[in-house]
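Q: Structure below; questions to follow.
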Amino acid sequence: MRTDLAVIGAGPAGLAAALAASARGVRVALVDAAPGPGGQFYRQPAAGLGATRPEALHHRRRTWERLRDGLAAAAVDILTEHHVWCAEPVSGGFTVHALLGPGQEEPAEVHARALLLATGGHETVLPFPGWTLPGVVTAGGAQAMLKGGLVVPGGRAVVAGTGPLLLPVATGLAAAGVEVAALVESTGPGRLARHARALAGKVPEGAGYAARLLRHRVPVLTRHTVVAAHGEDRLTGVTIAALGPDDRVRPGTERRLDCDTLAVGHGMVPHTDLAGALGCRLDGLGVAVDAEQRTDVPGVWAAGETTGIGGAALALAEGHIAGSSAAARLRGTDPAPAPAALKSRARQRSSAAALDTAWAPPAHWAEQLTGDTVICRCEEVTAGDVRGALDLGAGDERTVKLLTRAGMGWCQGRMCHTAVAALAGRRPTPPGRPFARPVPLGVLARQHTEKGQS
Ligand SMILES: Cc1cc2nc3c(=O)[nH]c(=O)nc-3n(C[C@H](O)[C@H](O)[C@H](O)COP(=O)(O)OP(=O)(O)OC[C@H]3O[C@@H](n4cnc5c(N)ncnc54)[C@H](O)[C@@H]3O)c2cc1C
């Protein structure tokens, strides 16, 4: 299909961008791998489940309804179940290459004059002994099961790690009938207090969660961490411990909590594969953008968590600004984004920076990795294997990968990248994958043949 603007990602950023661009007279294709628009924050239960009160699982439901109704009325082509594996510049614009449906084998292409990347982020996974046991899920995964599948991962859960996402997960599970044995948060009130000014706007939301935790009698343990998960065939409990002033586990504070579910989260990292392959400059782990959300590649915009982790409100503001700019540049008019979006972006960006520092994982978490702790679950590579590679002289993630296969599996290092970098004593860097999704060789070969013939 041909369009003016292809927006990749239909989360808060992509939805706001598509609506802003379409309202300014530009034809938009909104492309997403999921079965319906909404992204992570506005994930909807599958229609076949017949949810009677979907609003019970969502905060800020009215914003979603506004976006959903706006989309229904707008001239936007919604292309769901399109897994984009690459976008490439061609004469007159870009070609977006996708694989269709759950099988991801049938190719599809979208040709657009401009591209807007709103691909969000994915969770940071930090391994610990026992983390691959059935019953251990990511915090976002537990939330996705609840919001999208209307199911709970178990009957008695510990929610652990660090970050604001733990709050909706713990309260959501408790409200759905799960006994939440504890919310184990590695950061403490002292660290949050240091960022009190930047976080002031988040206080009412935080107070709401605190009230719900109290109502569901969820014990909250701050400055604690999970050191191991236990069980034979599946999870039966976890060991937690207190953290000392040096951010290390305080010896003698370990204790066991029985549970059949551990929902663990340590923040998120931006999805930058498509941007990286297009040659967009990155700033830290996110895509670098200017005041109009333009990347440094002409014709490519980026918005939302692909540019840095900051939450749904920031994604909405950035999406609106990016969509307004893309439409204006395509039509040769003035972007004129809503002043409220500019104000919201400025406010949310300053609290996002504070959130990032306040909710960092414990500095020495990698010291807890025993030799037999699995690091790369796709290729079954342990911490011992990685340390062995480092002893042989591997100084970075890439050399560790060549020596151990860590990061060569289906997820292409999305799960193990941070852990391998930590074991190597390095800060994680964007991995630079040529494709955002695994692609069948047949699809690549067919494309090569078609190009050769044209
Ligand atoms: C699992 C999970 C659960 C979360 N739950 C909460 C919560 O309960 N409360 C809260 O405040 N915050 C939550 N967050 C964070 C919140 O969702 C984000 O702050 C917000 O959604 C960011 O909006 P976005 O538009 O940038 O990205 P997203 O909402 O992540 O949307 C990105 C979209 O891009 C699509 N996409 C990505 N790559 C491709 C590709 N290659 N091809 C096609 N489509 C692609 C994805 O399918 C997705 O729909 C959660 C995050 C995650 C990862």
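Read left to right, the sequence shown gives residues 189 to 642 (our numbering).
Just so you know, even glycine gets a beta-carbon here, dropped at the ideal spot from N, CA and C.
Can you look up GLY489 in the DSSP assignment and give me helix, strand or coil?
A: The identity of residue 489 in the sequence shown is Trp, whereas the question assumes Gly. In this structure, TRP489 counts as strand in the three-state DSSP scheme.
Q: Under the criterion of a Cβ to heavy atom distance below 6 Å, does PHE623 qualify as lining ligand 1?
A: No, the Cβ of PHE623 stays beyond 6 Å of every heavy atom of ligand 1.
Q: Which residues in the same chain as LEU321 place their Cβ atom closer than 7 Å to its Cβ, once the five residues preceding and following it in sequence are excluded?
A: So the qualifying residues of the chain are ALA417, GLY419, ARG422 and LEU423.
Q: For ligand 1, is there any heavy atom lying closer than 6 Å to the beta carbon of VAL272?
A: Yes, the beta carbon of VAL272 sits closer than 6 Å to at least one heavy atom of ligand 1.
Q: Is ALA275 close to ligand 1? I mean its beta-carbon at under 6 Å from any heavy atom of the ligand.
A: For ligand 1, not one heavy atom lies less than 6 Å from the Cβ of ALA275.
Q: How many Å lie between ARG411 and SER538 at the Cα?
A: Roughly 24 Å separates the two Cα atoms.
Q: If contacts are defined as beta-carbon pairs under 8 Å, then HIS643 and THR350 qualify, I think. What distance do you get, rounded to the angstrom?
A: Outside the shown range of the chain (189 to 642) lies residue 643, about which nothing can therefore be said.
Q: Can you tell me whether SER210 is buried or exposed? The criterion is at least 16 other CB atoms within 10 Å of its CB, across all chains shown.
A: Classification for SER210: buried.
Q: Would you say the beta carbon of THR307 comes nearer than 6 Å to a heavy atom of ligand 1?
A: Under cutoff, so the answer is yes.
Q: Given 8 Å as the limit, is there contact between the stretch 245-254 and the stretch 550-559, that is, 3 or more CB pairs closer than that?
A: Taking 8 Å as the limit for Cβ pairs, the verdict is that the stretch 550-559 does not touch the stretch 245-254.
Q: Which word fits GLY467, buried or exposed, when buried means at least 16 other C-beta atoms lie within 10 angstroms of its C-beta?
A: Exposed: under 16 other Cβ atoms inside 10 Å.
Q: Would a C-beta distance cut-off of 7 Å place HIS605 and PRO618 closer than the cut-off?
A: Not a contact, by the Cβ cut-off of 7 Å.
Q: Starting from THR283, follow its DSSP beta bridges and name the residues at the other end.
A: Paired residue(s): GLU276 and HIS299.
Q: Comparing C-alpha positions only, which one of VAL340, GLY238 and GLU393 sits nearest to VAL368?
A: Among VAL340, GLY238 and GLU393, the Cα nearest to that of VAL368 belongs to VAL340.
Q: Pull up the DSSP beta-bridge partners for HIS412, would you.
A: Paired residue(s): ALA430.
Q: Is any non-hydrogen atom of ligand 1 found closer than 6 Å to the C-beta of HIS454, if you look at the structure I gave you?
A: Because no heavy atom of ligand 1 lies under 6 Å away, the Cβ of HIS454 does not count as near it: no.
Q: Express the C-alpha separation of ALA330 and HIS299 in angstroms, rounding to a whole number.
A: If you take the alpha carbons of HIS299 and ALA330, they lie about 36 Å apart.
Q: My assumption, with CB atoms under 8 Å, is that ASP139 sits in contact with THR570. Please give the rounded CB distance.
A: No answer is possible for residue 139: it lies beyond the span of the chain, which begins at 189 and ends at 642.
Q: Could you check where the beta strand (DSSP E) with GLU310 kicks off and where it finishes?
A: It should be noted that the sequence gives His, not Glu, for residue 310. Where HIS310 is concerned, the enclosing beta strand (DSSP E) stretches over 309-311.
Q: What residue from GLY425, GLY432 and ASP435 has the CA that sits closest to ARG443's CA?
A: Of the listed residues, the one whose Cα sits closest to ARG443 is GLY425.
Q: If I measure Cβ to Cβ from LEU245 and keep anything under 7 Å in the same chain, skipping five residues before and after, which residues do I get?
A: So the qualifying residues of the chain are LEU334, LYS335 and GLY360.
Q: Please indicate yes or no: does the CB of GLY199 lie closer than 6 Å to some heavy atom of ligand 1?
A: The answer is yes for GLY199.
Q: Buried or exposed: which applies to LYS531, given that a residue is buried once 16 or more other Cβ atoms fall within 10 Å of its Cβ?
A: So LYS531 ends up on the exposed side.
Q: Tell me the DSSP secondary structure of ARG379 in three-state form.
A: In the structure shown, ARG379 sits in a helix (DSSP, three-state: H, G or I).
Q: Between the Cα of VAL408 and the Cα atoms of ILE497, CYS274, ALA358 and ALA609, which residue gives the shortest distance?
A: Nearest C-alpha to VAL408: ALA358.
Q: With C-beta atoms as the reference, is ALA217 less than 7 Å away from LEU267?
A: Yes.
Q: Where do the ends of the beta strand (DSSP E) carrying ALA451 lie?
A: ALA451 -> beta strand (DSSP E) spans 449-454.
Q: Drop a sphere of 10 angstroms on the beta-carbon of ALA607, count the other beta-carbons inside from all chains shown, and report buried for 16 or more, exposed for fewer.
A: By the 10 Å Cβ count, ALA607 comes out buried.
Q: Going by alpha carbons, who is nearest to ASP434 out of THR483, ALA451 and GLY376?
A: Closest by alpha carbon: GLY376.
Q: From what residue to what residue does the beta strand (DSSP E) around GLU373 run?
A: Here the beta strand (DSSP E) through GLU373 covers 367-373.
Q: Assuming ALA491 contacts GLY474 under a Cβ cut-off of 8 Å, what Cβ separation, rounded to an integer in Å, is found between them?
A: That belief does not hold up - the Cβ atoms of ALA491 and GLY474 are roughly 11 Å apart, past 8 Å.
Q: Quick one, are the C-beta atoms of HIS383 and ALA528 less than 7 Å apart?
A: The answer is no: Cβ separation not under 7 Å.
Q: Can you check whether the CB of LEU304 is closer than 7 Å to the CB of LEU462?
A: It is not a contact, given that the beta carbons lie outside the stated cut-off.
Q: Please determine whether the Cβ atom of PRO341 lies at a distance below 6 Å from any heavy atom of ligand 1.
A: No; taking the cut-off as 6 Å, the Cβ of PRO341 has no heavy atom of ligand 1 nearer than that.
Q: Assign PRO628 to one of three DSSP states: helix, strand, or coil.
A: Of the three classes helix, strand and coil, the one that applies to PRO628 here is coil, per DSSP.
Q: Give a yes or no on contact between the stretch 198-208 and the stretch 497-517, applying the rule of three or more CB pairs nearer than 8 Å.
A: Judged by Cβ distances under 8 Å, the stretch 198-208 makes contact with the stretch 497-517, as three or more pairs qualify.
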